[in-house]
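*Asks:* Taking this note's numbering as reference, the numbering of the sequence shown is continuous, increasing by one, and the terminal residue is 169.
Idealized CB from N, CA, C, for every residue including glycine.
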Amino acid sequence: MFKAAFVGAAVTLACILIPIVHFVTAVPSPLIGGYMAGTRSACTQGQALLIGLLMAVLLLFPAVIAVMGVALFAQLSANFVLVVVGAAVLWVFAGGTVGAALGGASARRSAAS
Numbered sequence: 057m058f059k060a061a062f063v064g065a066a067v068t069l070a071c072i073l074i075p076i077v078h079f080v081t082a083v084p085s086p087l088i089g090g091y092m093a094g095t096r097s098a099c100t101q102g103q104a105l106l107i108g109l110l111m112a113v114l115l116l117f118p119a120v121i122a123v124m125g126v127a128l129f130a131q132l133s134a135n136f137v138l139v140v141v142g143a144a145v146l147w148v149f150a151g152g153t154v155g156a157a158l159g160g161a162s163a164r165r166s167a168a169s
């Protein structure tokens, strides 16, 4: 389960960090990463929730570093940092969970046929 969540978090981070491509893939990146994690583990709905949570926890530190770096140069408040990081973590959790559920269902369906 942890390996699948790590793969999902890595795919999400890669979709965000690749220059030029990130304009298209940054927003759906948690869904893409979650789908990859779900297909890798053929997870159930409950496991998809855990994968989404683990992805959010794994990407919490990079999100804090990125937003704090921007906040230091732009002289933004700590409340702004908390709101942006919180929104990013919730987005990764929701997208990762939905993607893992879809990927797990797809993997189980293809294994059954």
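Can you give the Cα-Cα distance for L158 and M111, rounded to whole angstroms?
*Replies:* The residue labelled residue 158 in the question sits at position 102 within the sequence shown. The residue labelled residue 111 in the question sits at position 55 within the sequence shown. Straight-line Cα distance between these residues: approximately 16 Å.
*Asks:* Count the other C-beta atoms from every protein chain shown that fall within 10 angstroms of the C-beta of V80, then say buried if there are 16 or more, exposed otherwise.
*Replies:* Here residue 80 refers to the residue found at position 24 of the sequence shown. So V80 ends up on the exposed side.
*Asks:* Just to confirm the assignment, what range does the alpha helix (DSSP H) spanning S162 have?
*Replies:* As a working note, residue 162 is residue 106 in the sequence shown. From DSSP, the alpha helix (DSSP H) with S162 extends over A134 to A168.
*Asks:* Would you check if there are 3 or more beta carbon pairs closer than 8 Å linking the stretch 131-143 to the stretch 85-104?
*Replies:* Note that the stretch 131-143 does not touch the stretch 85-104; fewer than 3 beta-carbon pairs, one per stretch, sit closer than 8 Å.
*Asks:* Taking DSSP as the reference, what is the three-state secondary structure of Q131?
*Replies:* Translated into the one-based positions of the sequence shown, residue 131 becomes position 75. In this structure, Q131 counts as coil in the three-state DSSP scheme.
*Asks:* Just how far apart, CA to CA, sit Q103 and V148?
*Replies:* On the sequence shown, position 47 is the one that residue 103 refers to. On the sequence shown, position 92 is the one that residue 148 refers to. If you take the alpha carbons of Q103 and V148, they lie about 16 Å apart.
*Asks:* Quick check on T100: does DSSP put it in helix, strand or coil?
*Replies:* Numbered from its first residue, the sequence shown carries residue 100 at position 44. Coil, per DSSP.
*Asks:* For L115 and T153, which I take to be in contact (beta-carbon distance under 8 Å), what is that distance rounded to the nearest angstrom?
*Replies:* Taking the sequence shown and counting its residues from 1, the one referred to as residue 115 is at position 59. Taking the sequence shown and counting its residues from 1, the one referred to as residue 153 is at position 97. Their Cβ separation, rounded to whole angstroms, is 13 Å, which puts L115 and T153 out of contact at 8 Å.
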